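A short worksheet on the structure shown next.
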Amino acid sequence: MKRPKVGSYPQLNISKLSRQGFLLPGIQFDWAWKVPGIEQGNILIQVEEERLTLRYIYSMDAAETLIAEHVPIVAGEKRKWFQCPKCQQPVGILYGVSGRFLCRKCHGLVYPSQYPFHPDGFGRKTGSFGKRAFSCKGPNPIPKGPTLN
22 MKRPKVGSYP QLNISKLSRQ GFLLPGIQFD WAWKVPGIEQ GNILIQVEEE
72 RLTLRYIYSM DAAETLIAEH VPIVAGEKRK WFQCPKCQQP VGILYGVSGR
122 FLCRKCHGLV YPSQYPFHPD GFGRKTGSFG KRAFSCKGPN PIPKGPTLN
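Read left to right, the sequence shown gives residues 22 to 170 (the numbering used here).
Right, here's the structure in full:
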């Protein structure tokens, strides 16, 4: 069974939001995501000191609050992370699936590099059969050393 990939869903990336200056308390902005040319969703994001409130434009009464926590890193600096609403783990990206923004693991999403099959039909990872089928060992192994051309 195919598992959904991260690239198929809208992503709230705390590093990008911070770099673009959107995480200052008191800021309010619209955020939309599109699938080639078609708007798929639009939310209003209100930034407070330690949280972001997401309000869906089409139904303003539906809101979701995300915690943005500061986690200490080297030399006394702090980095801002989202706290996944389901598992409470600090994450850099939350994915919007079925109206909820959660971490990749809680949504069961995979990266394309983790998916064993490519569109061309050939498997990325070869299991034990692939190792046996494509190995040079067997009754007549290829000898090591210079090749005859």
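Glycine included, every Cβ here is placed at the ideal spot set by N, Cα and C. The structure presented is a predicted model; accordingly, all values stated were derived computationally and were not measured.
For Ala83, the closest C-alpha among the options Thr74, Leu45, Leu123, His128 is that of Thr74. Assignment of Gln67 by DSSP, reduced to helix, strand and coil, places it in the strand class. In the structure shown, Gln135 falls within a helical segment according to DSSP collapsed to helix, strand and coil. In the displayed model, Ile35 falls within a helix according to three-state DSSP. The beta carbons of Lys26 and Val112 sit no closer together than 7 Å. Ala84 carries a strand assignment under DSSP once its states are collapsed to helix, strand and coil. Judged by DSSP secondary structure, Lys99 falls within the beta strand (DSSP E) whose first and last residues are 99–104. Between Glu69 and Pro106 a beta carbon distance of about 16 Å is seen, past the 8 Å cut, so the two are scored as non-contacting. Annotated three-state conformation of Gly42 is coil, per DSSP.
In the three-state scheme derived from DSSP, where H, G and I count as helix and E and B as strand, Lys126 is classed as helix. Taking 7 Å as the cut-off, the beta carbon of Asn63 is found no closer than this to the beta carbon of Ile48. The continuous beta strand (DSSP E) containing Ile114 extends over residues 114–118. The residues Gln61, in chain order, have a CB closer than 7 Å to that of Lys55 in the same chain once the five nearest residues on each side in sequence are set aside.
Residues of the same chain with a CB within less than 7 Å of the CB of Arg72, apart from the 5 flanking positions on each side, are Thr86, Leu87, Ile88, Ala89 in chain order.
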